[in-house]
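S.K.:
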Amino acid sequence: MKIEKPIAFIDLETTGKNPSEDRIVEIAICKRHPDGSREVYHKRVNPAKLISDAATAVHGILNADVENEPTFQQIADEVYSFIAGCDIAGYNSNNFDIPMLYCEFLRSFIVWDYKENAIIDVCNIFRQKESRSLSAAVRFYCGHELENAHNAEADILATVDVFEGQLQMYPDLPETMEDLQKFCNNGKQLLDVSGRFTYDDDGEIVFAFGKYSGQKAKQNLDYVKWMLFKAATFNPDTEAVCRKLLGIPEPQSPAP
2 MKIEKPIAFI
12 DLETTGKNPS
22 EDRIVEIAIC
32 KRHPDGSREV
42 YHKRVNPAKL
52 ISDAATAVHG
62 ILNADVENEP
72 TFQQIADEVY
82 SFIAGCDIAG
92 YNSNNFDIPM
102 LYCEFLRSFI
112 VWDYKENAII
122 DVCNIFRQKE
132 SRSLSAAVRF
142 YCGHELENAH
152 NAEADILATV
162 DVFEGQLQMY
172 PDLPETMEDL
182 QKFCNNGKQL
192 LDVSGRFTYD
202 DDGEIVFAFG
212 KYSGQKAKQN
222 LDYVKWMLFK
232 AATFNPDTEA
242 VCRKLLGIPE
252 PQSPAP
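Note that the working numbering has the sequence shown beginning at 2, numbered continuously upward.
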């Protein structure tokens with residue numbers, strides 16, 4: 002497989018599951034270079050809000066553990082610099098880590114145009130090939146048990162190992178990151194990272210979820226309006242597609 006630039010594998014632990022309301026409490030990024038070498042960025046983060054009990058039950062991080070750590074806004078520039086010029090990857094990252102990081106950057110007055118790079122969800126490769134959890138992926142591809150699960154650094158290092166194991170096990174995987182991105186998303190081109198919209202064969206925007214899945218968005222603008230104004234909050238980049246379809250300009254970001 003041709004890997005021509007670094008891949009930033011991202012894993013986040015957070016206060017909860019909602020990208021618009023919750024915050025990062027731990028971030029780990031493993032940058033895999035084309036020669037196979039790795040760099041790791043790992044920090045805990047003060048979320049400036051309480052960590053939910055449900056989140057602590059998953060990752061074990063208490064409010065007291067992060068009260069003296071920097072806020073994400075204080076480290077946003079260095080995180081952005083670390084992943085600059087990289088393709089982006091993770092485990093179930095399209096559904097969670099990338100939307101969460103996108104929102105945290107936005108709250109720090111940084112617009113992260115992740116679409117400039119390929120986005121690879123290792124979990125989607127695994128689901129299409131084996132349909133198992135990260136622990137099972139480590140067992141299957143790497144031949145050992147995943148220790149210290151839900152520690153951000155342990156999880157993301159394991160994800161890189163799984164990705165490399167997949168490249169070795171499946172020689173029929175696409176040879177470029179762009180084609181692998183399509184494979185990860187069932188052949189669809191992403192318009193928003195959560196996959197609410199895609200293009201059809203005519204190059205027109207269609208819904209990729211719900212009762213209008215597969216139908217042209219421009220023919221169902223009432224539903225687009227519902228998504229933007231009445232539904233539960235969608236991710237900011239999904240809302241941006243809705244605004245584009247409705248001809249509504251993007252809101253101005255507040256000055257830092």
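Using N, Cα and C, we set each Cβ at its ideal position, and we do this for glycine too.
Hey, quick one: how far does the alpha helix (DSSP H) through residue 107 stretch, first residue to last?
M.R.: Unbroken alpha helix (DSSP H) run through residue 107: 98-108.
S.K.: Rounding to the nearest angstrom, what Cα-Cα distance links residue 153 and residue 60 in this structure?
M.R.: Near 8 Å, if we compare the C-alpha coordinates of residue 60 and residue 153.
S.K.: Are the stretch 60-79 and the stretch 18-36 touching, with three or more C-beta to C-beta distances below 8 Å?
M.R.: Contact between the stretch 60-79 and the stretch 18-36 is present, because at least three Cβ pairs lie under 8 Å.
S.K.: Can you look up residue 157 in the DSSP assignment and give me helix, strand or coil?
M.R.: In the structure shown, residue 157 sits in a helix (DSSP, three-state: H, G or I).
S.K.: For my contact list, residue 30 and residue 42 are in at a C-beta cut-off of 8 Å; report their separation, rounded to the angstrom.
M.R.: Between residue 42 and residue 30 the Cβ distance is about 4 Å, and since that is below 8 Å, they are a contact.
S.K.: For residue 120 versus residue 89, is the C-beta spacing smaller than 9 Å?
M.R.: For residue 120 and residue 89, yes; Cβs fall inside 9 Å.
S.K.: Is there contact between the stretch 202-216 and the stretch 121-139, where contact requires at least three CB pairs shorter than 8 Å?
M.R.: No, the stretch 202-216 does not touch the stretch 121-139.
S.K.: Would residue 8 be called buried (16 or more neighbouring beta carbons within 10 Å of its own) or exposed?
M.R.: By the 10 Å Cβ count, residue 8 comes out buried.
S.K.: Is residue 21 near residue 104, with beta carbons less than 9 Å apart?
M.R.: Yes; because the gap between Cβ atoms is below 9 Å, this pair is in contact.
S.K.: Buried or exposed for residue 100, please, with buried defined as at least 16 other CB atoms from any protein chain shown within 10 angstroms of its CB.
M.R.: Its Cβ being crowded by 16 or more others within 10 Å, residue 100 is buried.
S.K.: Return the bridge partner residues of residue 9 from the DSSP annotation.
M.R.: Answer is 32 and 89, bridged to residue 9.
S.K.: Quick one: what does DSSP say residue 1 is sitting in, helix, strand or coil?
M.R.: Residue 1 falls outside the range modelled here, since the chain spans only 2 to 257, and no answer is possible.
S.K.: Checking 9 Å against the spacing of the C-beta atoms, do residue 143 and residue 159 come in under that value?
M.R.: In this structure, residue 159 lies closer than 9 Å to residue 143 by Cβ.
S.K.: Which ranges would you report for the beta strand (DSSP E) in the stretch 162-232 if only whole runs of at least 3 residues count?
M.R.: Listed in chain order, the complete beta strand (DSSP E) runs (minimum 3 residues) inside the stretch 162-232 are 198-200 and 206-208.
S.K.: Given a threshold of 16 other Cβ atoms within 10 Å of its Cβ, counted over all protein chains shown, does residue 112 qualify as buried or as exposed?
M.R.: By the 10 Å Cβ count, residue 112 comes out exposed.
S.K.: With DSSP as the reference, please indicate the residues paired to residue 27 in a beta bridge.
M.R.: 14 and 45.
S.K.: For residue 122, which beta-bridge partners are listed by DSSP?
M.R.: DSSP, once it has assigned bridges, lists 91 as partnering residue 122.
S.K.: According to the neighbour-count rule (16 or more other Cβ atoms, all chains shown, within 10 Å of its Cβ), is residue 58 buried or exposed?
M.R.: Exposed is the call here.
S.K.: For residue 234, which of helix, strand or coil comes out of DSSP?
M.R.: It is coil, neither helix nor strand.
S.K.: Taking DSSP as the reference, what is the three-state secondary structure of residue 140?
M.R.: It is helical.
S.K.: Considering residue 84, what are the terminal residues of the alpha helix (DSSP H) in which it resides?
M.R.: Segment 73-84, the alpha helix (DSSP H) holding residue 84.
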